[in-house]
Structure formats: structure tokens, C-alpha cells
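Peer 1: Below are the C-alpha cells for one structure; questions will follow.
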Amino acid sequence: MELKTRVYAETGKQELLITREFDLPVELLFKAYVAPDIVEQWMGTKVLKLENKKHGSWNFETTDSKGNKHGFHGVIHEFSSNQKITRTFEMENSPFPAQLEFLEFDKLTANTSQLRMHIVYRSVALRDQMVQLPFAKGLTMAHNRLQAYFSR
Amino acid sequence: MNLRRNVFQAIADPTRRAILLLVASQAMTAGAIASNFGTSRPTVSKHLHILTECELLKQAQQGREIYYHLHAQNMKEIADFIEPFRKIWDDRFNKLEMIMKRHQLNE
Chain A
1 MELKTRVYAE
11 TGKQELLITR
21 EFDLPVELLF
31 KAYVAPDIVE
41 QWMGTKVLKL
51 ENKKHGSWNF
61 ETTDSKGNKH
71 GFHGVIHEFS
81 SNQKITRTFE
91 MENSPFPAQL
101 EFLEFDKLTA
111 NTSQLRMHIV
121 YRSVALRDQM
131 VQLPFAKGLT
141 MAHNRLQAYF
151 SR
Chain B
153 MNLRRNVFQA
163 IADPTRRAIL
173 LLVASQAMTA
183 GAIASNFGTS
193 RPTVSKHLHI
203 LTECELLKQA
213 QQGREIYYHL
223 HAQNMKEIAD
233 FIEPFRKIWD
243 DRFNKLEMIM
253 KRHQLNE
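Same order as they appear, the protein sequences are chains A and B.
Here the first sequence is numbered in our numbering, starting from 1 and rising by one per residue.
Here the second sequence is numbered in our numbering, starting from 153 and rising by one per residue.
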């Protein structure tokens with residue numbers, strides 16, 4: 001089966017590419033990135049600020065299961081409707097510095113589209129850490145579940 | 153020698169995958185790794201040898217003990233390692249697609 005979402009992370013590079021094909025017209029795909037109420041739904045985040053324009057900035061806030069708030073923010077460098085967004089992304093109160101994101105929205109057919117998300121990190125080591133984070137988290141969760149099971 | 157093929161052969165074995173998962177959270181000695189498995193110590197040693205040989209694990213001497221570390225450089229080439237990251241984005245994009253399809257119907 002073809003994977004709809006692909007991640008390309010070449011060894012020794014400080015960047016990665018995520019591509020995804022959608023059964024959606026490109027206008028609707030783009031709207032999911034710029035309409036605050038829709039962003040909130042699929043990203044599971046609160047949109048405090050989202051200025052969809054060159055020199056604009058954005059600020060999101062998520063609340064985890066323990067009630068802790070986590071902020072994310074960045075600035076928008078380039079914005080062209082239904083085509084392209086270039087922005088920075090930074091997790092607040094984290095050791096990770098800002099990353100640069102190039103989002104390209106392409107029309108495939110009238111009802112399908114593709115997103116290319118090119119992310120550049122500060123270093124190779126940081127990219128590797130970001131990619132491996134979910135893997136490490138999965139391990140910790142599996143470990144915690146095991147621990148909970150054995151301490152019953 | 154085809155390192156890449158060996159890497160994939162190395163992770164085809166479930167015990168070796170489990171060893172990589174264990175060592176991913178922290179560096180461990182062979183004894184500590186073996187204590188997590190029901191198999192004999194020599195069997196675990198054999199797996200450690202294979203994982204080290206195809207450079208998925210690195211040995212580091214600390215005092216009198218030898219610790220096994222993940223060789224992150226090679227590990228990240230393995231799809232299994234990147235899969236949780238891909239899955240997060242896939243889930244997120246599936247949600248986006250679902251929401252926008254509903255949105256399309258209501259328009």
C-alpha cells in the first residue's frame with residue numbers, strides 16, 4: 001500500500017521533508033492552515049494569534065492531559081494564498097531552538113492536492129533528536145505501562 | 153560487505169529489536185541487557201555481537217564495565233525508528249482531511 005504521508009530524512013543532514021497527498025482541493029487544504037477555528041480542530045491547539053501575511057506572527061497554546069500549558073510561536077516570512085507559507089516554529093520553554101519551515105501546497109487534480117513540508121533545523125544533531133523524540137516517548141510510555149502493570 | 157542489508161537482517165530478529173529498544177532509553181551493560189530476557193547470556197551476547205558488528209550498537213568502556221549505546225547515526229536510517237514520527241504526522245493529516253471533507257459538505 002502507498003503511504004499517504006512520507007518522511008524523508010537523509011543521514012547527516014539538518015533538514016527533513018514531509019510530504020502528504022490529500023483528497024481535498026488545494027484551496028481547502030490551504031484553508032486548514034489559515035482558518036484559526038479549523039487549525040484548532042486538527043492541531044488540537046488553541047490559536048492565540050495567527051496573522052496570515054508576510055511579517056505576520058503566530059502563537060498557539062496546547063494543554064496536556066495534566067493541565068500544563070505549552071506555547072508555540074513563530075513569524076511568517078512569506079505568504080501566498082493556496083501556494084506557500086514560509087515560517088519559523090519554536091517551542092517555548094524547551095531546549096530546542098527555532099526551526100525554519102517551508103510549506104508548499106500543490107494542486108494535483110481538481111479534488112486532490114499535495115503538501116510538502118521542508119523543515120530546516122539548527123544542527124544535524126537537533127534534527128535527529130526531533131525525529132527520534134516520538135520514538136523515545138513511545139518507549140517511555142511502554143515502560144511506564146509495564147511498570148504500572150507490575151506494580152499492581 | 154553490504155552494511156545496509158546486514159542492518160535490516162539485524163533488526164529482523166525480535167530479540168535484537170527488543171535489545172535496541174532497551175538500549176535506546178539508556179546505555180546498558182551486557183549483563184543488564186541479558187537480565188531482561190529469558191534466553192541465556194551467551195545467546196544475548198551473540199545478538200549484541202551482531203548488532204555491534206553492523207554498527208547499530210557502540211561499545212564504550214566505563215571503568216571496568218563495557219556499556220552498549222545506540223549508534224544513532226545508523227539507527228536513524230531504519231524506518232522503524234522514524235515510524236513513530238511519521239505516524240504522528242499521518243494521524244494529524246488524517247484528522248485535517250476528515251475535518252475539511254466535512255467542511256466541504258457543509259459549504
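Built from N, CA and C at the ideal position, the CB exists for glycine as well.
Quick caveat, the model's predicted, so the values are computed rather than measured.
Go through the segment 29 to 112 of chain A residue by residue and report every complete run of the alpha helix (DSSP H) that reaches 4 residues or more, in order.
Peer 2: For the segment 29 to 112 of chain A, whole alpha helix (DSSP H) runs of length 4 or above, ordered along the chain, are 36 to 43.
Peer 1: Nearest by alpha-carbon distance to A:Val75: which of A:Lys69, A:Lys66, A:Thr86 and A:Ser65 is it?
Peer 2: Taking the first sequence and counting its residues from 1, the one referred to as residue 75 of chain A is at position 75. The shortest C-alpha separation from A:Val75 is found at A:Thr86.
Peer 1: Could you compute how far the alpha carbon of B:Trp241 sits from the alpha carbon of A:Lys69?
Peer 2: The residue given as residue 241 of chain B occupies position 89 in the second sequence. The residue given as residue 69 of chain A occupies position 69 in the first sequence. Between B:Trp241 and A:Lys69, the C-alpha separation is close to 21 Å.
Peer 1: Could you work out which residue in A:Glu27, A:Val7 and A:Ile18 is closest to B:Lys253 when comparing CA atoms only?
Peer 2: Here residue 253 of chain B corresponds to residue number 101 of the second sequence, with the count starting at 1. When each option's Cα is compared against that of B:Lys253, the closest is A:Glu27.
Peer 1: Taking just the CA atoms, how far does B:Arg216 sit from A:Ser65?
Peer 2: Numbered from 1 along the first sequence, position 65 holds the residue referred to as residue 65 of chain A. Numbered from 1 along the second sequence, position 64 holds the residue referred to as residue 216 of chain B. The alpha-carbon atoms of A:Ser65 and B:Arg216 are separated by roughly 43 Å.
Peer 1: What are the residues that DSSP puts in a beta bridge with A:Tyr8?
Peer 2: Counted from its first residue, the first sequence places residue 8 of chain A at position 8. Paired residue(s): A:Leu17.
Peer 1: Which class does B:Gln178 belong to by DSSP, given the choice of helix, strand or coil?
Peer 2: Locating residue 178 of chain B in the second sequence gives position 26, counting from the first residue. Coil at B:Gln178, not helix or strand.
Peer 1: Looking only at C-alpha atoms, which of A:Met130, A:His55 and A:Lys49 sits nearest to A:Glu61?
Peer 2: Taking the first residue of the first sequence as position 1, residue 61 of chain A is located at position 61. Closest by alpha carbon: A:Lys49.
Peer 1: By the DSSP assignment, the beta strand (DSSP E) with A:Leu24 in it spans what residues?
Peer 2: The residue labelled residue 24 of chain A in the question sits at position 24 within the first sequence. That residue, A:Leu24, is in no beta strand (DSSP E); it is neither H nor E in DSSP.
Peer 1: When the Cβ atoms of the segment 119 to 137 of chain A are set against those of the segment 14 to 22 of chain A, are three or more pairs found closer than 8 Å?
Peer 2: Yes, the segment 119 to 137 of chain A touches the segment 14 to 22 of chain A.
Peer 1: Given a cut-off of 7 Å on the beta-carbon distance, is the pair B:Lys210 and B:His199 in contact?
Peer 2: Translated into positions along the second sequence, residue 210 of chain B becomes position 58. Translated into positions along the second sequence, residue 199 of chain B becomes position 47. It is not a contact, given that the beta carbons lie outside the stated cut-off.
Peer 1: Is the CB-CB distance between A:Asn82 and A:Pro25 below 7 Å?
Peer 2: Position 82 of the first sequence, counted from the first residue, corresponds to residue 82 of chain A. Position 25 of the first sequence, counted from the first residue, corresponds to residue 25 of chain A. Contact: no.
Peer 1: To which residues of the same chain is A:Val47 closer than 7 Å at the C-beta, ignoring the five residues directly before and after it?
Peer 2: Position 47 of the first sequence holds residue 47 of chain A. Pro36, Val39, Glu40 and Phe60.
Peer 1: Considering only their Cβ atoms, is the gap separating A:Lys53 from A:Phe79 smaller than 7 Å?
Peer 2: Position 79 of the first sequence, counted from the first residue, corresponds to residue 79 of chain A. Position 53 of the first sequence, counted from the first residue, corresponds to residue 53 of chain A. Their beta carbons are under 7 Å apart, which means A:Phe79 touches A:Lys53 by this criterion.
Peer 1: Decide if A:Met5 is buried, meaning its Cβ has at least 16 other Cβ atoms within 10 Å, or exposed.
Peer 2: Along the first sequence, read from residue 1 onward, the residue named residue 5 of chain A stands at position 5. Sequence check: residue 5 of chain A is Thr here, not Met. It counts as buried.
Peer 1: Rounded to whole angstroms, what is the Cα-Cα separation between B:Ser192 and B:Ala182?
Peer 2: What you label residue 192 of chain B is simply residue 40 of the second sequence in a count that begins at 1. What you label residue 182 of chain B is simply residue 30 of the second sequence in a count that begins at 1. Taking the straight line from one Cα to the other gives about 12 Å.
Peer 1: From what residue to what residue does the alpha helix (DSSP H) around B:Glu217 run?
Peer 2: Mapped onto the second sequence, residue 217 of chain B falls at position 65. No alpha helix (DSSP H) contains B:Glu217, which is instead part of the beta strand (DSSP E) from Glu217 to Leu222.
Peer 1: For B:Asn154, does the three-state DSSP call read helix, strand or coil?
Peer 2: Taking the first residue of the second sequence as 1, we reach residue 154 of chain B at position 2. Confidence at B:Asn154 is low in this model, with a pLDDT of 48, below 50, so its placement is unreliable and the value that follows should be read with caution. Residue state, collapsed to three classes: coil.
Peer 1: Candidates B:Ala170, B:Pro194 and B:Gln161: which alpha carbon is nearest B:Cys97's?
Peer 2: Chain B is shown from 153 up to 259; residue 97 of chain B falls before or after that span and cannot be answered.
Peer 1: Answer with yes or no whether the minimum CB distance from B:Met252 to chain A is below 7 Å.
Peer 2: Translated into positions along the second sequence, residue 252 of chain B becomes position 100. Yes, B:Met252 counts as interfacial toward chain A.
Peer 1: Looking only at its chain, what residues have a beta carbon closer than 8 Å to the beta carbon of A:Lys84, apart from the 5 residues adjacent to it on each side?
Peer 2: Numbered from 1 along the first sequence, position 84 holds the residue referred to as residue 84 of chain A. Same-chain partners within the cutoff: Glu78, Phe102, Leu103, Glu104 and Phe105.
Peer 1: Note down, in chain order, each residue of its chain lying with its Cβ closer than 6 Å to the Cβ of A:Phe30, except the 5 sequence neighbours on either side.
Peer 2: Taking the first sequence and counting its residues from 1, one reaches residue 30 of chain A at position 30. So the qualifying residues of the chain are Asn82 and Phe105.
Peer 1: Apply the 10 Å Cβ neighbour rule to A:Tyr8 and answer buried if 16 or more other Cβ atoms are within range, or exposed otherwise.
Peer 2: As a working mapping, residue 8 of chain A is identified with position 8 in the first sequence. A:Tyr8 comes out exposed.
Peer 1: Does DSSP classify A:Ala125 as helix, strand or coil?
Peer 2: On the first sequence, residue 125 of chain A is found 125 positions in, with the first residue counted as 1. If DSSP states are grouped into helix, strand and coil, A:Ala125 belongs with the helices.
Peer 1: Would B:Ser197 be called buried (16 or more neighbouring beta carbons within 10 Å of its own) or exposed?
Peer 2: Counted from its first residue, the second sequence places residue 197 of chain B at position 45. B:Ser197 comes out exposed.
Peer 1: Who are the neighbours of A:Phe22 on chain B, taking C-beta pairs under 9 Å?
Peer 2: Position 22 of the first sequence, counted from the start, is the residue given in the question as residue 22 of chain A. Within 9 Å Cβ-Cβ: Phe245, Leu248, Glu249 and Met252.
Peer 1: Do A:Glu92 and A:Gly67 have their CB atoms nearer than 7 Å?
Peer 2: By one-based count along the first sequence, residue 92 of chain A stands at place 92. By one-based count along the first sequence, residue 67 of chain A stands at place 67. The answer is no: Cβ separation not under 7 Å.
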